[in-house]
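Numbering (the numbering used here), first residue to last: 1291 to 2269. Don't be surprised by glycine CBs; every beta carbon is placed ideally from N, CA and C.
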Amino acid sequence: MMADSDRGLPKVYDPSEAETRWYKLWEDAGLFKPLSDHGPVDETTPTYVIMMPPPNVTGTLHMGHALTATIQDILVRYHRMTGANTLYLPGTDHAGIATQTVVERELKKHEGQSRHDLGRDAFLERIWDWKEKNGSRIIEQLRTIGASADWSRLRFTMDEQCSKAVTDAFVQMWNDDLIYRGERLVNWDPTTRTALSDEEVDHEERQGELWQFAYKVDGSDDEIVVATTRPETMLGDTAVAVHPADERYQALVGRKLRHPFFPERDVRVIADDYVDREFGTGAVKITPAHDPNDFEMGQRHDLEMLNILTFDGRINEQGGPFQGLDRYAARKAVKEQLRTLGFERGSELITHSVSISQRSGDAIEPMLSRQYFVKTESLASTASAAIKSAETRIIPEGWVKTWNHFMDNIQDWCISRQLWWGHRIPVFYDLEKLPDAIRQDASGKGRTEALEALENGIDAKELLSIALNTLDDEYVRLFSIASTDNLAVADPRFVQENDVLDTWFSSGLWPFSTLGWPEKTDDLSRFYPGAVLETGFDILFFWVARMMMMGTYFMGKAPFADVYLHAMVRDAQGRKMSKSLGNTIDPLDVIRGISLDGLLDKTKTYPVPEKLLPQVLDGLKKSYPDGLLASGADGLRFTLASLSGQGRDIKLDIRRVEGYRAFLNKIWNATRFALMRVVEGEIPALDAIREHLSIADRWILSRLQVATEKANSGIKNYNFAETADSIYHFFWDELCDWYIELAKGSLSDDAPEATRRATSAVLLTVLDQAMRMLHPMCPFQSEEIWQTLPGRQTRWSSVRFCAEAPYPTADETLVDPDAEHRIGQLQEAVTLIRNGRHESGLPMQKKVPVVIVSDDTELGQTLAYYNSEIRRLAQVTTLDFSERGSFAVPQQAAVNSGTDLDVVILLEGLIDFGAERERIQKEVGKLNKRREGLARRLSSPGFADKAPPHVVEETKAKLSEIDEQIARFDARLTEIAGL
């Protein structure tokens, strides 16, 4: 045997050093590049492509990113090892609102200026500078977790290539009449002062006041009472709606109502089937410019659309005396004035849904605004056809129903944003065509605002502003040109649209814009469509739907074969991880470790409410008294993979990470032991030494094939928990707990040379295959171990890294049912001995004599061969085998029966049966007290009705378990009584 110092593994694995070293070696060797970058690829070579969902350039790694990167990298490394021409293409997103907000905040904080003070060009320069300084942060973090992306192909949604694709896509869709400018009700964020898509809006249940007030019927004392949670919107009311069949109001339909603040306004009672006559008073105030349902009713009844808000959420000139007030101040002022005037009719507290901006956290205001939209009906139909035809699969399949519901009810997509950072909309307004469009718009309308401005000779750009805000959109299109060229640079008669495109427009092109589209590049033809999109279910409609629509429209093919939607990462209590809750876990802290003080200091920087902070900090002190120990990238990756069961949210308990760190340490120590025990010199191939294989050798090789089959199946079917479980079970329960223990005799110095060489060959074969099986999940430690295995250079002469070695497949010729049966009997015998010792109250350090009774003579041979190993594993002094009928069980013995064997533990002189009886009776007494408490709880009238179902079931399970324990103790007492 070789001395410890001669082997390649140190006593302790240092993840930080190994991870840095191996990542650089892999990257320098070009391992992350596709095979086709290194030379011609055979036509039969499969292609495997994953486009990394581009994280925001402002972002830092959180557990959601860590899960995404882990799963993607498992898939990529696996397919790379199977020989596929693999591309994992990385990139970052310009994150329009988020990035502009960050830079604006810094500008205000450090220089006291706004973007308007700088001007558009200078402000954009500032953002580009910020991006160059800070934009690579999350890329470095993704590298830290082991993402083996082809960084030479790194893309950015606003780089030259992607920007060209965005412009070309917009122009093509404009020319195909899929993009239009229209006045619609949009989700307006007063904080960021931009429109948002429906998918960028959350809905929160909040407590609010449902406030009632009256509209007086003109010319009479009659009134109609309406209710609202937003009294300030009554400044824009243009009708009150009732149900046509509601007899209470039929006589009032068509009558004019007196607006309390604007008596000249035409506010009428209208009849509409939309109204629920059973809700409230049965009458509904209608504000067409500030409510989606009211907007539709306003269109049906040709109501005036009065926008009462400015872009920053203040009351505009339509609000009369309330002009200039913030919307919330206006709410209070309107209520007070209505109360003073005698129109208040009561209020009640209710819980209702409030629309919240994901970007700023501010309450959304539905607002009538002129924006650019994409017509989605035909695009959604084609994209959905790809799902229905199975051209693209959604996994888990349960999300298909949600997908269909969304796509069947999809609204046109608002793609314009009132920002400066982003892809500026490539629409140019032709000032020479503007006058004619104004005249055409005015035809039949009389003198319009735009026509008067034209005739008064107003400045052309001011005239354009008036026209854009007042002309019908069909006439705006008469002087609008979408162009891939910047017409405004070459000719001053053209003025470019100020708004930028929604970030998701460029992200929707990601699967092909990153490959060179609209040019017909080699990458585009080779790597589109991709194999799988791996992402969170929360952006199924944000991003997945848009990529499906764009891909099928521009490329004629869906952008990927599979859409795998992973679950949400939550904390150990199942809560969403949020900095405001103080329950986030930084992946880098798990990888590198962090002291308790460091953890507390970091949490104090989070936006945790002041009242909640002490509780959060106390929780951290109790949960992590020693901080977080460094678990390495592999420890985190394996944990996330093991918890990634399809369709289940991931409850991340840091103790699970610590448990898997211990598992990886177990692998390390077992390998060190093996390397110290295997023979020196050339290791023979398995085929050459099959006749020398022991039963345990044959068994571990057979179990390895079972584990390998499950590992392959798990990854192929996106069941990463199955793969992790098969690897864990094989390493810990089979290789470490059983095979290495059973192989110690075969590896000892006094074992026959042929036996030692055979077992050495098996052990190294198992470690080689197991490291390759582990590699996609734990790339760093598996590489470190694999590189040290003797015989590796002979077995894989042309392979430089475990990362490029073939992923193992099951060898059916090594599956050995006979060996599995015989070692299974051995395991059962050891387990029965251990259980019998425990049930007899024997301490583990006290050894006992045992007799195994069975008619299976092969079992006797197996027990004889591994006699010393079994005695060591089960703490046995002597181990004998006897056939049934030829052995009489003595009176002072404990018998445990198995499948086809009995274990007889000889107890004479080992146990004080009187003391044992007293011990058991005390245990039974404790169990009976616990049983009485649980039984009382279950019989309590309110428990079954009020307690959650899972709590009731858990209580019943505990009661059943206690009954089983009492039964076992009673049986033991009966045995003792007969001795």
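Task: Inter-residue Cα distance where the pair is Leu1321 and Pro1897 - done: Here residue 1321 refers to the residue found at position 31 when the sequence shown is read from its first residue. Here residue 1897 refers to the residue found at position 607 when the sequence shown is read from its first residue. Those two C-alpha atoms are separated by around 42 Å.
Task: As assigned by DSSP and simplified to three states, the class of Trp1478 - done: Along the sequence shown, one-based indexing puts residue 1478 at 188. The answer is strand: DSSP assigns Trp1478 an E or B state.
TODO: Give the single residue among Asp2192, Gly1872, Ser1637 whose Cα lies nearest to the Cα of Ala2183.
DONE: Here residue 2183 is taken as the residue at index 893 of the sequence shown, counted from 1. It is Asp2192.
TODO: Output the boundary residues of the beta strand (DSSP E) element that contains Asp2146.
DONE: Residue mapping note: residue 2146 aligns to position 856 of the sequence shown, counting from 1. Where Asp2146 is concerned, there is no enclosing beta strand (DSSP E), given that its DSSP letter is neither H nor E.
TODO: Please work out which residues of its chain come closer than 6 Å, Cβ to Cβ, to Val1491, disregarding the five sequence neighbours upstream and downstream, and give them in chain order.
DONE: The sequence position of residue 1491 within the sequence shown is 201, counting from 1. Around Val1491: Asn1477, Ser1645, Ile1654.
Task: For Arg1545 and Ala1485, the rounded distance between their alpha carbons - done: Counted from its first residue, the sequence shown places residue 1485 at position 195. Counted from its first residue, the sequence shown places residue 1545 at position 255. Whole-angstrom Cα-Cα distance: 36 Å.
Open item on the list: Helix, strand or coil, according to DSSP, for Pro1534 in the structure here?
Closed with: Residue mapping note: residue 1534 aligns to position 244 of the sequence shown, counting from 1. Correct three-state label for Pro1534: coil.
Open item on the list: Under DSSP, the alpha helix (DSSP H) around Glu1494 begins and ends at which residues?
Closed with: What you label residue 1494 is simply residue 204 of the sequence shown in a count that begins at 1. Glu1494 -> not in any alpha helix (DSSP H); beta strand (DSSP E) instead, spanning 1491–1507.
- [ ] Please name the residue, chosen from Tyr2097, Arg1993, Ser1306, Asp1479, that lies closest to Gly1651 on a Cα-to-Cα basis.
- [x] Taking the sequence shown and counting its residues from 1, one reaches residue 1651 at position 361. Here the closest residue by C-alpha is Asp1479.
Task: the segment 1572–1582 in contact with the segment 1528–1540 per 3-pair CB rule at 8 Å - done: yes
Open item on the list: Using only the alpha-carbon positions, how far apart do Tyr1854 and Arg1433 sit?
Closed with: For the purposes of this step, residue 1854 is taken as the residue at position 564 of the sequence shown. For the purposes of this step, residue 1433 is taken as the residue at position 143 of the sequence shown. Their backbone Cα atoms lie some 22 Å apart in a straight line.
Open item on the list: Can you list, in chain order, the residues of its chain with a C-beta nearer than 7 Å to that of Trp1279? Leave out the 5 residues immediately preceding and following it.
Closed with: Because the chain in this structure spans residues 1291 to 2269, residue 1279 falls outside the shown range and cannot be described.
Task: Span of the alpha helix (DSSP H) around Ile2123 - done: For this step, residue 2123 is matched to residue 833 along the sequence shown. Taken as a continuous stretch (DSSP letters only), the alpha helix (DSSP H) holding Ile2123 covers 2107–2129.
- [ ] Determine the closest residue to Thr2049 out of Ile2266, Leu1965, Phe1718, Trp1958, with distance taken between C-alpha atoms.
- [x] Locating residue 2049 in the sequence shown gives position 759, counting from the first residue. Selected option, being the one with the closest Cα: Leu1965.
Task: Between the CA atoms of Asp1449 and Thr1382 - distance to the nearest angstrom - done: Start at 1 with the first residue of the sequence shown, and residue 1382 comes out as number 92. Start at 1 with the first residue of the sequence shown, and residue 1449 comes out as number 159. Roughly 10 Å between the two C-alpha positions.
Open item on the list: Let's test the definition: count the other Cβ atoms within 10 Å of the Cβ of Gln1362 and tell me whether it reaches 16, buried, or not, exposed.
Closed with: One-based indexing of the sequence shown puts residue 1362 at position 72. By the neighbour-count rule (16 or more Cβ atoms within 10 Å), Gln1362 is buried.
Task: Distance, Ser1870 Cα to His2128 Cα - done: Taking the first residue of the sequence shown as position 1, residue 2128 is located at position 838. Taking the first residue of the sequence shown as position 1, residue 1870 is located at position 580. Their backbone Cα atoms lie some 49 Å apart in a straight line.
Open item on the list: Tell me which residues share the same chain as Pro1300 and place their Cβ nearer than 8 Å to its Cβ, disregarding the 5 neighbours each side in the sequence.
Closed with: Within the sequence shown, numbered from 1, the residue matching residue 1300 stands at position 10. Excluding residues within five positions, none has a Cβ falling inside 8 Å.
Open item on the list: Need the endpoints of the alpha helix (DSSP H) that Asp1812 sits in, please.
Closed with: For the purposes of this step, residue 1812 is identified with residue 522 of the sequence shown, where counting begins at 1. 1812–1817 is the span of the alpha helix (DSSP H), which, as asked, contains Asp1812.
Task: Reference Ala1952, options Leu1919, Asp2106, Val2056, Pro1582, closest by Cα - done: Residue numbering aside, residue 1952 sits at position 662 when the sequence shown is read from its first letter. Per the Cα distances, Leu1919.
Task: Distance between Asp2039 and Tyr2155 (C-alpha atoms, nearest Å) - done: Position 865 of the sequence shown holds residue 2155. Position 749 of the sequence shown holds residue 2039. The alpha-carbon atoms of Tyr2155 and Asp2039 are separated by roughly 17 Å.
TODO: Using alpha carbons as the reference points, say which of Ile1387, Met1463, His1400, Gly1425 lies closest to Thr1350.
DONE: On the sequence shown, residue 1350 is found 60 positions in, with the first residue counted as 1. Comparing Cα-Cα distances from Thr1350 to each of Ile1387, Met1463, His1400, Gly1425, the minimum goes to Gly1425.
Open item on the list: What would DSSP say about Ala1573, mapped onto helix, strand or coil?
Closed with: In the sequence shown, the residue the question calls residue 1573 occupies position 283. Looking at Ala1573 - three-state DSSP - the assignment turns out to be strand.
Task: Run of the beta strand (DSSP E) containing Leu1486, from where it starts to where it stops - done: On the sequence shown, position 196 is the one that residue 1486 refers to. First-last of the beta strand (DSSP E) with Leu1486: 1484–1486.
TODO: Report yes if the C-beta distance between Val2179 and Val2194 is below 7 Å; otherwise report no.
DONE: Position 889 of the sequence shown, counted from the first residue, corresponds to residue 2179. Position 904 of the sequence shown, counted from the first residue, corresponds to residue 2194. Cβ distance < 7 Å, so Val2179 and Val2194 count as in contact.
TODO: Could you spell out the range, first to last residue, of the beta strand (DSSP E) harbouring Ala2184?
DONE: Within the sequence shown, the letter at position 894 stands for residue 2184. Taken as a continuous stretch (DSSP letters only), the beta strand (DSSP E) holding Ala2184 covers 2183–2187.
Open item on the list: Here's the rule: buried if 16 or more other CB atoms are within 10 angstroms of the residue's CB, otherwise exposed. What is Arg1410?
Closed with: Counted from its first residue, the sequence shown places residue 1410 at position 120. Exposed: under 16 other Cβ atoms inside 10 Å.
Task: Reference Val1507; option with closest CA among Leu1994, Tyr1539, Glu2244 - done: The count along the sequence shown starts at 1 and reaches residue 1507 at position 217. Taking only the C-alpha atoms, the option nearest Val1507 is Tyr1539.
- [ ] Could you tell me whether the segment 2128–2139 touches the segment 2080–2097, where touching means 3 or more Cβ pairs closer than 8 Å?
- [x] no
Open item on the list: Can you find the residues in the same chain that come closer than 6 Å, C-beta to C-beta, to Trp1833, ignoring five residues on each side of it along the sequence?
Closed with: As a working mapping, residue 1833 is identified with position 543 in the sequence shown. Excluding residues within five positions, the ones whose Cβ falls inside 6 Å are Ser1797.
- [ ] Please report how far the alpha carbon of Gln2181 lies from the alpha carbon of Lys1956, in whole angstroms.
- [x] Within the sequence shown, residue 2181 is the residue found at index 891, counting from 1. Within the sequence shown, residue 1956 is the residue found at index 666, counting from 1. Cα to Cα, Gln2181 sits roughly 42 Å from Lys1956.
Task: Counted within 10 angstroms of its Cβ, other Cβ atoms place Val2138 as buried (16 or more) or exposed - done: One-based indexing of the sequence shown puts residue 2138 at position 848. Looking at its Cβ environment, which holds 16 or more other Cβ atoms inside 10 Å, Val2138 is buried.
Open item on the list: Assuming the contact rule is C-beta atoms closer than 8 Å, Pro1819 and Ala1851 should be a hit. Round their C-beta distance to whole Å, please.
Closed with: As a working mapping, residue 1819 is identified with position 529 in the sequence shown. As a working mapping, residue 1851 is identified with position 561 in the sequence shown. The Cβ separation is near 7 Å, so the contact holds.
Open item on the list: In whole angstroms, give me the CA-to-CA distance for Thr1348 and Glu1739.
Closed with: The count along the sequence shown starts at 1 and reaches residue 1348 at position 58. The count along the sequence shown starts at 1 and reaches residue 1739 at position 449. About 44 Å.
TODO: Entirely within the segment 1319–1397 and at least 4 residues each: give me those alpha helix (DSSP H) ranges in chain order.
DONE: 1353–1371
- [ ] Just mark Glu1309 as buried or exposed, buried being the case when its beta carbon has 16 or more other beta carbons within 10 Å.
- [x] Taking the sequence shown and counting its residues from 1, the one referred to as residue 1309 is at position 19. When all chains shown are included, Glu1309 counts as buried.
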